[in-house]
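Take the sequence shown: its position 188, counting from 1, is numbered 188 in our numbering, and each next residue is one higher.
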Amino acid sequence: MKIKSKESLSFVLLLFASFLWGISFVFQSMASNSLGTFSINTFRSLIAFIFLIPFTIYSLIKNRVSINKTTIKYSIIGGVFAGIFLSFASIFQQLGISTTSTSKSGFITAFYIILVPLISLFFKKKCGVNIYIAIVIALVGLGLLTLDSSFKIEIGDLYLLLGAFLFTFQILAIDLTSQRANIFLLMLLQMGVSSIVSAPFIPFYENFTTEGFINALLPLLFLGIFSNGLAYTIQVFTQKYLNPTVASLIMSLESVFASLSGVIIYTFYKFTPVPQYLNTQQTIGCVVMFLAIIISKLPSKWFTISYHKEKKKNKEKNI
1 MKIKSKESLS FVLLLFASFL WGISFVFQSM ASNSLGTFSI NTFRSLIAFI FLIPFTIYSL
61 IKNRVSINKT TIKYSIIGGV FAGIFLSFAS IFQQLGISTT STSKSGFITA FYIILVPLIS
121 LFFKKKCGVN IYIAIVIALV GLGLLTLDSS FKIEIGDLYL LLGAFLFTFQ ILAIDLTSQR
181 ANIFLLMLLQ MGVSSIVSAP FIPFYENFTT EGFINALLPL LFLGIFSNGL AYTIQVFTQK
241 YLNPTVASLI MSLESVFASL SGVIIYTFYK FTPVPQYLNT QQTIGCVVMF LAIIISKLPS
301 KWFTISYHKE KKKNKEKNI
């Protein structure tokens with residue numbers, strides 16, 4: 001398969017992963033009725049770990065000829081660091097959510113679409129002009145989707161910003177190691193580490209009960225298998241062929257899918273006491289975010305002055 005074809009496939013797959021992450025907010029809300037944040041993070045990662053075991057074994061056996069010390073090395077490094085960043089990013093995000101509004105927390109967390117290209121420059125990962133234009137448009141869309149007139153700076157914002165930095169490093173850890181790693185081994189280690197990091201917080205901050213776990217089991221299975229197991233595996237695969245900035249831009253659509261899926265599911269099943277709907281401003285925000293993604297896929301040369309000068313020059317010659 002040609003590189004361009006792999007990029008297009010990766011774009012579509014990561015878009016699907018963003019949809020899974022978006023709809024997972026509904027299941028997180030369901031699970032939070034019975035379990036605390038650290039318990040949810042621990043068990044969803046553990047379920048993903050168990051789910052990935054047979055795929056990892058099959059992948060290692062099938063590719064045993066091409067697997068070498070370098071493959072194992074990068075799989076371990078990527079899995080461990082991505083797992084640590086993912087776990088602490090989720091923890092700080094929850095600390096922020098507990099002290100500020102949900103809408104603002106979504107906006108600040110999505111700051112990784114700015115942080116990724118900035119930090120990527122240190123690793124010589126550059127983008128076309130269209131990507132930077134798309135980032136600005138996406139931020140406007142996120143603002144319309146998540147912010148209201150009550151916006152003000154709070155202490156929890158620092159936790160959320162730190163969470164955004166950690167999500168950025170999780171994305172970059174995958175980007176820097178996935179090229180030489182075994183995808184399934186990297187993913188298995190990421191989920192295992194994420195579960196181990198979150199687990200020690202449970203007895204200190206939560207009152208875990210078996211009844212609560214049983215009540216939350218179905219949402220946890222969705223989160224573990226589809227959100228953590230499948231969606232993050234897609235992330236590792238697609239980042240082998242996508243620039244990390246482009247990947248972060250696509251992943252930011254989870255906020256749009258979260259809003260849309262929340263409205264649709266709430267219409268048929270009241271999974272939360274908080275009404276789920278989109279007003280005119282939020283609807284425009286969704287449209288603007290999708291516009292940003294479309295611009296990111298257009299040829300970069302279309303947005304350069306030199307291209308339009310050359311186009312005009314050729315047009316004059318034809319006349």
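Ideal placement from N, C-alpha and C gives every residue a C-beta, glycine not left out. Being a predicted model, the structure only gives us computed values, none of them experimental.
Whose C-alpha, out of the options, is nearest the C-alpha of residue i?
| i | options | result |
| --- | --- | --- |
| ILE77 | ILE183, PHE111, PRO299 | ILE183 |
| LEU161 | LEU186, LEU95, PHE213, ILE23 | LEU95 |
| LEU185 | GLY141, TYR58, LEU35, ILE84 | TYR58 |
| VAL193 | SER45, ASN63, MET30 | SER45 |
| GLN135 | LEU176, VAL116, LYS124 | Inspection of the sequence shows that residue 135 is occupied by Ile rather than by Gln. For ILE135, the nearest C-alpha among the options comes from VAL116. |
| ASN215 | GLY83, PHE11, ALA31, THR71 | ALA31 |
| GLY141 | VAL263, SER195, SER259, LYS69 | SER259 |
| LYS126 | TRP302, LYS301, VAL246 | VAL246 |
| GLN179 | THR238, GLY212, LEU189 | THR238 |
| PHE111 | LYS69, ILE72, TYR159 | TYR159 |
| PHE290 | LEU121, LEU15, PHE43 | LEU15 |
| LEU253 | ASP175, SER24, LYS6, SER5 | SER24 |
| ILE250 | LEU139, PHE43, PHE213, LYS301 | LEU139 |
| ALA82 | LEU189, PHE213, PRO299 | LEU189 |
| LEU393 | GLY156, SER261, GLY212, LYS62 | Here the chain has residues from 1 to 319 only, and residue 393 is not among them. |
| GLU7 | ILE196, LYS297, TRP302 | LYS297 |
| THR122 | LYS69, PRO244, ILE265 | It is Phe, not Thr, that sits at residue 122 in the sequence shown. Considering only alpha carbons, the answer is PRO244. |
| LYS301 | ILE72, LYS62, GLY128 | GLY128 |
| PHE43 | CYS286, THR267, THR209, SER195 | SER195 |
Determine the DSSP secondary structure at residue i, reduced to helix, strand or coil.
| i | result |
| --- | --- |
| ASN63 | coil |
| ASN41 | helix |
| ASN182 | coil |
| LYS301 | helix |
| PHE111 | coil |
| THR209 | coil |
| ALA258 | helix |
| CYS286 | helix |
| LEU218 | helix |
| GLY128 | coil |
| GLY163 | helix |
| TYR241 | coil |
| LEU95 | helix |
| SER34 | coil |
| ILE155 | coil |
| ASN228 | helix |
| LEU176 | helix |
| THR253 | This sequence places Leu at residue 253; Thr is not what is there. LEU253: coil per DSSP, three-state reduction. |
Would you grab the beta carbon distance between residue i and residue j for me? Rounded to a whole angstrom, and I think it's under 8 Å.
| i | j | result |
| --- | --- | --- |
| GLY79 | VAL256 | The Cβ separation is near 29 Å, so there is no contact. |
| ILE137 | VAL288 | 6 Å |
| ASN380 | SER198 | Coverage of the chain is limited to positions 1 through 319, which leaves residue 380 absent and any answer about it impossible. |
| TYR241 | SER18 | Going by Cβ atoms, the distance from TYR241 to SER18 rounds to 16 Å, so no, they are not a contact pair. |
| ILE293 | LEU13 | Between LEU13 and ILE293 the Cβ distance is about 14 Å, and since that is not below 8 Å, they are no contact. |
| THR168 | ILE119 | 6 Å |
| THR109 | ALA164 | 5 Å |
Quick one: what's got a C-beta closer than 7 Å to residue i's C-beta in the same chain, skipping five residues either side?
| i | result |
| --- | --- |
| PHE27 | PRO219, PHE222, LEU223 |
| TYR205 | GLY36, PHE38 |
| LEU166 | PHE85, PHE88, ALA89, PHE92 |
| ILE295 | ASN130, ILE133, ALA134, ILE137 |
| GLN281 | LEU144 |
| SER248 | TYR112, ILE113, VAL116, ILE171 |
Using a Cβ-Cβ cut-off of 8 Å (strictly less than) and excluding sequence neighbours within five positions of residue i, which residues of its own chain qualify?
| i | result |
| --- | --- |
| ILE47 | LEU220, LEU221, LEU223, GLY224, ILE225, ASN228, GLY229 |
| LEU60 | ILE67, ASN182, PHE184, LEU185 |
Excluding the five sequence neighbours on either side, which residues of its own chain have a C-beta within less than 6 Å of the C-beta of residue i, listed in chain order?
| i | result |
| --- | --- |
| THR177 | TYR74, ILE77, GLY78 |
| ILE284 | LEU144 |
| PHE213 | none |
| PHE55 | PHE184 |
For the structure I just gave you, are there three or more beta carbon pairs, one from the segment 51-58 and one from the segment 224-235, closer than 8 Å? yes
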